[in-house]
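> Everything in the sequence shown is counted per the working numbering, starting at 865 for the first residue and increasing by one.
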Amino acid sequence: IIEIGACSPWQSVFHYDRKGSLRGADFVDAVARLLLRFELRSTNLKEVWLRVTPEVEEPPGPAKWQRDQNGELREMPQERKHTFIDIETEARIPEGGFLVLGASPTVVEAPVLGRVFFREPEPSTEKVAKTPRDRIYIISPIIRYSEDLRSRGGS
């Protein structure tokens, strides 16, 4: 998980789902993160399959009756986690390679979901410059092999 941090106190954003429908969401006091899933495939153990899924979590909502892990009904705060599987990214990263994630100019021009992940929130004080900065992420998986595998003839 890459914990990006707090978003703007209130943010309204839009994105297209896999069917091409426009979806919107309002986030209040939310935290953004990127979920990373790594996979090695037996066809080439020197490359990594990487899946990146954006997620936004707001503070818990009002309590409601839900089943807990043991299957018992309990009154628990509502989890308000939004995982955007529709816009996850998957890439094959060769040995020594990397994935760069960054924003298009659209995040500046329109209230799109990418703004949550690729733009820092605008400062709320007068003492700080009013120009938010862009973020980019460089993900470089490193594959390490156990000495036991190497001594048995493994790669």
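For each residue, glycine too, the CB sits at the ideal point set by N, CA and C. Note that the coordinates shown come from a computational prediction; the quantities given were computed from them, not determined experimentally.
Can you tell which of 959, 999, 936, 974 has the C-alpha that lies nearest to the C-alpha of residue 966?
Residue 966 has its Cα closest to that of 999, out of 959, 999, 936, 974.
> Report the residue ranges of all beta strand (DSSP E) runs contained in full by the region 865-946; include only those spanning at least 3 residues, in chain order.
Counting only runs of 3 or more, we get 866-870, 874-880, 886-892, 895-905, 908-931.
> Roughly how many whole angstroms lie between the Cα atoms of residue 996 and residue 984?
Between residue 996 and residue 984, the C-alpha separation is close to 6 angstroms.
> Helix, strand or coil for residue 973, going by three-state DSSP, please let me know.
Three-state result, residue 973: helix.
> Decide if residue 937 is buried, meaning its Cβ has at least 16 other Cβ atoms within 10 Å, or exposed.
Classification for residue 937: exposed.
> The alpha helix (DSSP H) spanning residue 979 covers which residue range?
Residues 978-982.
> Per DSSP, residue 958 forms a beta bridge with which residues?
Looking at the DSSP assignment, residue 958 forms a beta bridge with 911.
> Based on the DSSP secondary-structure assignment, which residues constitute the bridge partners of residue 1001?
Bridge partners of residue 1001: 965.
> Excluding five sequence neighbours on each side, which residues of the same chain lie with their C-beta closer than 6 angstroms to the C-beta of residue 953?
Here the set comprises 916.
> For residue 923, which residues of its own chain have a beta-carbon under 6 angstroms away from its beta-carbon, when the five flanking residues on both sides are left out?
Correct list, in chain order: 893.
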